[in-house]
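Protein chains: 2
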Amino acid sequence: MEHRIDRIKKQLHAQSYKLTPQREATVRVLLEREEDHLSAEDVYLLVKEKAPEIGLATVYRTLELLSELKVVDKINFGDGVSRYDLRKEGAAHFHHHLVCMECGSVEEIVDDLLEDVEKIVENDWGFQVKDHRLTFHGICRDCQK
Amino acid sequence: MEHRIDRIKKQLHAQSYKLTPQREATVRVLLEREEDHLSAEDVYLLVKEKAPEIGLATVYRTLELLSELKVVDKINFGDGVSRYDLRKEGAAHFHHHLVCMECGSVEEIVDDLLEDVEKIVENDWGFQVKDHRLTFHGICRDCQK
DNA sequence: CTGTTATCGATAATGATTATAAAATAATAA
DNA sequence: TTATTATTTTATAATCATTATCGATAACAG
Numbered sequence: 003m004e005h006r007i008d009r010i011k012k013q014l015h016a017q018s019y020k021l022t023p024q025r026e027a028t029v030r031v032l033l034e035r036e037e038d039h040l041s042a043e044d045v046y047l048l049v050k051e052k053a054p055e056i057g058l059a060t061v062y063r064t065l066e067l068l069s070e071l072k073v074v075d076k077i078n079f080g081d082g083v084s085r086y087d088l089r090k091e092g093a094a095h096f097h098h099h100l101v102c103m104e105c106g107s108v109e110e111i112v113d114d115l116l117e118d119v120e121k122i123v124e125n126d127w128g129f130q131v132k133d134h135r136l137t138f139h140g141i142c143r144d145c146q147k
Numbered sequence: 003m004e005h006r007i008d009r010i011k012k013q014l015h016a017q018s019y020k021l022t023p024q025r026e027a028t029v030r031v032l033l034e035r036e037e038d039h040l041s042a043e044d045v046y047l048l049v050k051e052k053a054p055e056i057g058l059a060t061v062y063r064t065l066e067l068l069s070e071l072k073v074v075d076k077i078n079f080g081d082g083v084s085r086y087d088l089r090k091e092g093a094a095h096f097h098h099h100l101v102c103m104e105c106g107s108v109e110e111i112v113d114d115l116l117e118d119v120e121k122i123v124e125n126d127w128g129f130q131v132k133d134h135r136l137t138f139h140g141i142c143r144d145c146q147k
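Chains E and Y supply the protein sequences, listed in that same order. Each residue of the first sequence is one higher than the last, beginning at 3 in my numbering. Each residue of the second sequence is one higher than the last, beginning at 3 in my numbering.
Here's what the structure looks like:
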């Protein structure tokens, strides 16, 4: 945990940004709720528990900053809110979502499903892939019962 | 063209909706600009050229309705606006996007890239896949020069 | 025709996000 | 240290996309 915060601190410093207390509190919330696909509002409310004086705009700005630095991924499941996921340490970014059309749950799967597919896209369409977003919509295990 | 409109008319009637002049004008715009990933605002402005009396709310309502009927796909490239794509006739829905991080262009590719991947998801995670969204972010052919 | 229902257009309301301006804080230089 | 400058924050207003409301109108059923 502390290790990951240090890492992020260095990433910020590398671009001459500071890890202010507000930013640190925000990052800590993201670390604690890593699998939760929090919206900016969610993050705001959770950060407020630790640092009640923080403003909503600061949370938005912090998330945007972290997103530019590729510390978090800003994702969108089409429900009108952006959600923010901390990127995993090291390793490439192979993380996809299963959105249940029944109960709305979002399950995260980590697996390099697209290695071959990316090669096809690069070869057949001449498009140089840097990143991808893959979301499956369907019925989760629980709702199938 | 007329053939596709008839088809959509039938789909509407099957759910006891009518193909009103406003809805038809909206569908015609989508048919004419099929590859363009139009936003609701875009559609509104284009429909207004043919049917100046149409209101923005009607366009939104129509797009939502067509989306529920699976006549169009409502997609989101993370730029804060929903975009609407008419689904192709027949054939399953295998249509993905290449978003250029340099110039912002969106190229559409039609290819069943994910047949095997869907099987993996169903087998390994017990998730029953109904649909998927796949977007690649990277550098398009033109911008690589 | 007459009542009922669906649809429409105008516009107000909402909700997420962004911009602004003034205050606080931190970094820097003299 | 002290003055100065730049960065960050907070509170709040503004914006923008989308949705809800409501009175008017059109299509339809009896």
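Beta carbons are placed, not taken as given, at the ideal position from N, Cα and C, and that holds for glycine.
Tell me which residue opens and which closes the beta strand (DSSP E) that E/T137 is part of.
Indexing the first sequence from 1 puts residue 137 of chain E at position 135. Start and end: Q130 to I141.
Should Y/V112 be labelled buried (16 or more other beta-carbon atoms within 10 Å of its own) or exposed?
Working through the second sequence from its first residue, we reach residue 112 of chain Y at position 110. Y/V112 sits exposed, since fewer than 16 C-beta atoms from the chains shown fall within 10 Å of its C-beta.
Using 8 Å as the threshold, is the C-beta distance between E/T60 and E/V101 below it?
One-based indexing of the first sequence puts residue 60 of chain E at position 58. One-based indexing of the first sequence puts residue 101 of chain E at position 99. The answer is no: Cβ separation not under 8 Å.
Partners in chain E for Y/N78, counting only beta-carbon separations shorter than 8 Å
Here the question's residue 78 of chain Y lines up with position 76 in the second sequence. Within chain E, the residues near Y/N78 are N78 and G80.
Neighbourhood of Y/M3 by C-beta, 7 Å cutoff - its chain only, sequence neighbours within 5 removed
On the second sequence, position 1 is the one that residue 3 of chain Y refers to. Cβ neighbours of Y/M3 within its own chain (closer than 7 Å, five residues either side excluded): L33.
In the DSSP output, which residue or residues are listed as bridge partners for Y/S18?
The count along the second sequence starts at 1 and reaches residue 18 of chain Y at position 16. Y/S18 is not bridged to any residue.
If I follow the unbroken alpha helix (DSSP H) through Y/E121, where does it start and stop?
For this step, residue 121 of chain Y is matched to residue 119 along the second sequence. Going by the sequence as given, residue 121 of chain Y is Lys instead of Glu. Counting along the chain, the unbroken alpha helix (DSSP H) around Y/K121 starts and ends at E117 to W127.
Based on Cα-Cα distance, which residue from E/E70, E/R6 and E/Y46 lies nearest to E/Y19?
For this step, residue 19 of chain E is matched to residue 17 along the first sequence. For the residues E/E70, E/R6 and E/Y46, the minimum Cα distance to E/Y19 belongs to E/E70.
Going by DSSP in three states, E/H5 sits in which element: helix, strand or coil?
Along the first sequence, one-based indexing puts residue 5 of chain E at 3. If DSSP states are grouped into helix, strand and coil, E/H5 belongs with the helices.
Would the beta-carbon of E/I141 be found less than 7 Å away from any heavy atom of the ligand MN?
Ligands are entirely absent from the displayed structure, and the ligand MN is therefore not among its contents.
Endpoints, the beta strand (DSSP E) within which E/E70 is located
As a position in the first sequence, residue 70 of chain E is number 68, starting the count at 1. That residue, E/E70, is in no beta strand (DSSP E); its alpha helix (DSSP H) goes L58 to E70.
For E/A93, which residues from the same chain have a beta carbon less than 6 Å from its beta carbon, with the 5 sequence-adjacent residues on both sides left out?
In the first sequence, residue 93 of chain E corresponds to position 91, counting from 1. Reliability of the predicted coordinates at E/A93 is poor, the pLDDT of 49 falling under 50, and the value obtained from them is presented with this limitation in mind. Around E/A93: no qualifying Cβ.
Can you tell me which of E/E120, E/V123, E/L116 and E/G57 puts its alpha carbon nearest to the alpha carbon of Y/E120?
What you label residue 120 of chain Y is simply residue 118 of the second sequence in a count that begins at 1. Ranking E/E120, E/V123, E/L116 and E/G57 by CA distance to the CA of Y/E120 puts E/L116 first.
Partner residues on chain E for Y/C142, Cβ-Cβ distance less than 7 Å:
Indexing the second sequence from 1 puts residue 142 of chain Y at position 140. Neighbours of Y/C142 on chain E, chain order: F129.
Are Y/K76 and E/G140 close, meaning C-beta to C-beta below 8 Å?
As a first step, residue 76 of chain Y is located in the second sequence; it is residue number 74 there, counting from the start. As a first step, residue 140 of chain E is located in the first sequence; it is residue number 138 there, counting from the start. No. Outside cutoff.
Mind checking if Y/D133 is an interface residue toward chain E, Cβ cutoff 8 Å exclusive?
Within the second sequence, the letter at position 131 stands for residue 133 of chain Y. Taking CB atoms only, Y/D133 has a neighbour in chain E less than 8 Å away.
Note down, in chain order, every chain Y residue with its Cβ under 7 Å from the Cβ of E/T137.
Within the first sequence, residue 137 of chain E is the residue found at index 135, counting from 1. Those within 7 Å of E/T137 in chain Y are H134 and R135.
Of the choices E/D144, E/E36, E/P23 and E/L65, whose alpha-carbon is the least far from that of E/G106?
Counted from its first residue, the first sequence places residue 106 of chain E at position 104. Distance check between E/G106 and each of E/D144, E/E36, E/P23 and E/L65 places E/D144 closest, using alpha-carbon atoms only.
With a cut-off of 8 Å, does the C-beta of E/R85 fall near any C-beta of chain Y?
Residue numbering aside, residue 85 of chain E sits at position 83 when the first sequence is read from its first letter. For E/R85, the answer is no, since every Cβ of chain Y falls outside 8 Å of its Cβ.
Nearest-angstrom Cβ-Cβ length linking Y/V73 and Y/Q17, presumed shorter than 8 Å
Locating residue 73 of chain Y in the second sequence gives position 71, counting from the first residue. Locating residue 17 of chain Y in the second sequence gives position 15, counting from the first residue. About 11 Å separates the two Cβ atoms, so there is no contact after all.
Using C-beta distances below 6 Å, list every residue in its chain close to Y/C142, excluding the 5 sequence neighbours before and after it, in chain order.
Residue 142 of chain Y sits at position 140 when you count from the first residue of the second sequence. Hits under 6 Å: C102 and S107.
Give me the DSSP bridge partner(s) of E/Y86.
Taking the first sequence and counting its residues from 1, the one referred to as residue 86 of chain E is at position 84. E/Y86 has E/L40 and E/K76 as its beta-bridge partners, per DSSP.
Starting from Y/V74, find everything on chain E with Cβ-Cβ shorter than 7 Å and list it in chain order.
Indexing the second sequence from 1 puts residue 74 of chain Y at position 72. Within chain E, no residue has its CB atom less than 7 Å from the CB of Y/V74, the nearest being about 13 Å off.
With DSSP as the reference, identify every bridge partner of Y/I111, one or two as the case may be.
Walking along the second sequence from the start, residue 111 of chain Y turns up at place 109. Partner(s): Y/H98.
Let's see if you can read the secondary structure: which residues bound the alpha helix (DSSP H) around Y/S24?
Counting from 1 along the second sequence, the entry for residue 24 of chain Y is found at position 22. According to the sequence displayed, residue 24 of chain Y carries Gln and not Ser. Counting along the chain, the alpha helix (DSSP H) containing Y/Q24 begins and ends at P23 to E34.
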